[in-house]
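Reviewing the structure listed below.
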Amino acid sequence: MYRQPIYTDPQVIVQNARAIVGDSPIYAMVELITNSDDSYDQLESKNISVSGLIHLEIVRKRHGSIIRVIDQAEGFDKKQMDAKVGRYGGNRINETGVQNRGYFMRGLKEAMVGTGYGQIRSVKNDFL
Numbered sequence: 003m004y005r006q007p008i009y010t011d012p013q014v015i016v017q018n019a020r021a022i023v024g025d026s027p028i029y030a031m032v033e034l035i036t037n038s039d040d041s042y043d044q045l046e047s048k049n050i051s052v053s054g055l056i057h058l059e060i061v062r063k064r065h066g067s068i069i070r071v072i073d074q075a076e077g078f079d080k081k082q083m084d085a086k087v088g089r090y091g092g093n094r095i096n097e098t099g100v101q102n103r104g105y106f107m108r109g110l111k112e113a114m115v116g117t118g119y120g121q122i123r124s125v126k127n128d129f130l
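Positions in the sequence shown are counted from 1; adding 2 to them yields our numbering.
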């Protein structure tokens, strides 16, 4: 049997993200908060004490609004950043074999694309 990967035009990804996020930043905020909560859950499953802090910052402007979700959870190293942020879609099972609530590793990217822009900063093992 012949198998051929299906390639997706980037415009389809943008259309899909905007259809899900719409004109409201609420979906983006929920996605980012859920990601923070999942990361805290990962740490707690390893019996690591966590603060549970999820700081939300919203600066509403006519153009160039800012949404920030800041936590003190796991963070990403370069390898994880490439795997979780550098691809669209994929397996939601984490390194401990537990399935996260995620939506095929798409939610974070859809939140950024749907709101028009995104930037991720992460600290892990004292590395930014």
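C-beta atoms are modelled at their ideal positions from N, C-alpha and C, and glycine is treated no differently.
Open item on the list: Three Cβ pairs or more, each shorter than 8 Å: is that satisfied between the segment 5-18 and the segment 50-57?
Closed with: In short, these stretches do not touch, since the Cβ pair count stays below three.
- [ ] Put Leu138 into one of helix, strand or coil per three-state DSSP.
- [x] Not covered by the structure: residue 138. The range shown for the chain is 3 to 130.
- [ ] With a 10 Å radius around its C-beta and 16 neighbouring C-beta atoms as the bar for buried, classify Ser41 as buried or exposed.
- [x] It counts as buried.
Open item on the list: Here's the rule: buried if 16 or more other CB atoms are within 10 angstroms of the residue's CB, otherwise exposed. What is Leu110?
Closed with: Of the residues assessed, Leu110 falls on the buried side of the cut-off, its CB having 16 or more other CB atoms within 10 angstroms.
TODO: Under 8 Å by Cβ, that's how I've got Ile69 and Thr36 pegged, so tell me the actual separation to the nearest angstrom.
DONE: Going by Cβ atoms, the distance from Ile69 to Thr36 rounds to 14 Å, so no, they are not a contact pair.
Open item on the list: I need the DSSP call for Ile28, collapsed to helix, strand or coil.
Closed with: Helix at Ile28.
Task: Among Lys126, Ile28, Phe129, Asp11, nearest to Val71 - alpha-carbon criterion - done: Each of Lys126, Ile28, Phe129, Asp11 was checked against the Cα of Val71, and the nearest Cα belongs to Ile28.
TODO: Spatial neighbours of Leu45 within its chain, please: CB distance less than 7 Å, with the 5 preceding and 5 following residues excluded, ordered by chain position.
DONE: A distance below 7 Å between beta-carbons, with the five flanking residues on each side excluded, links Leu45 to the following residues of its chain, in chain order: Val52, Ala75, Glu76.
Open item on the list: Ala113 and Ala30 - do their beta-carbons sit closer together than 7 Å?
Closed with: It is a contact, given that the beta carbons lie within the stated cut-off.
TODO: Take Ile122 and list the residues in its own chain whose beta-carbon comes closer than 7 Å to its own, dropping the five residues that flank it on each side.
DONE: Only Val87 meet the Cβ criterion.
Task: Nearest to Met83 (by Cα), restricted to the options Val125, Gln13, Pro12, Ile8 - done: Per the C-alpha coordinates, the member of Val125, Gln13, Pro12, Ile8 positioned closest to Met83 is Val125.
TODO: Assign Gly120 to one of three DSSP states: helix, strand, or coil.
DONE: Reduced to three states, the DSSP call for Gly120 is coil.
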